[in-house]
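Taking the UniProt record's numbering, the leading residue of the sequence shown gets 1, the next gets one more, and so forth.
In this text, a Cβ means the ideal position worked out from N, Cα and C, and glycines have one as well.
Since the structure is predicted, the reported quantities are computational estimates derived from the model, not experimental observations.
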Amino acid sequence: MTSRVVFKEGFLDRAKRMSGIKTDESFAAAIGINEERLENMKAGGEVGTDVLVGLFDAFGFTPGEVVTVVRDTKTRSQKLVA
Numbered sequence: 001m002t003s004r005v006v007f008k009e010g011f012l013d014r015a016k017r018m019s020g021i022k023t024d025e026s027f028a029a030a031i032g033i034n035e036e037r038l039e040n041m042k043a044g045g046e047v048g049t050d051v052l053v054g055l056f057d058a059f060g061f062t063p064g065e066v067v068t069v070v071r072d073t074k075t076r077s078q079k080l081v082a
């Protein structure tokens, strides 16, 4: 079983709303990533340290406020087959 770091559910949408930023493109730029990567993380994709640093620099969020660790129930080989 493996684990990965993901955003807490709904965090990115709440942070964008609280910041007053209107578009995903502008929000992504504010934290130093592209819109495609933002969408990936909204869908449960893994969060990199660069994104955490971007959120801290732009808005003051700390990792404990924004992410959680989840366990993948499938092994790597099961994911490759599926």
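- DSSP, read as helix, strand or coil, puts T49 in helix.
- Collapsing the DSSP output to three states places F59 in a helix.
- By the Cβ test, the segment 56-69 is not in contact with the segment 33-43, since fewer than three Cβ pairs between them sit closer than 8 Å.
- Here the alpha carbon of N34 sits roughly 9 Å from the alpha carbon of S26.
- When rounded, the separation of the alpha-carbon atoms in D24 and E36 is 9 Å.
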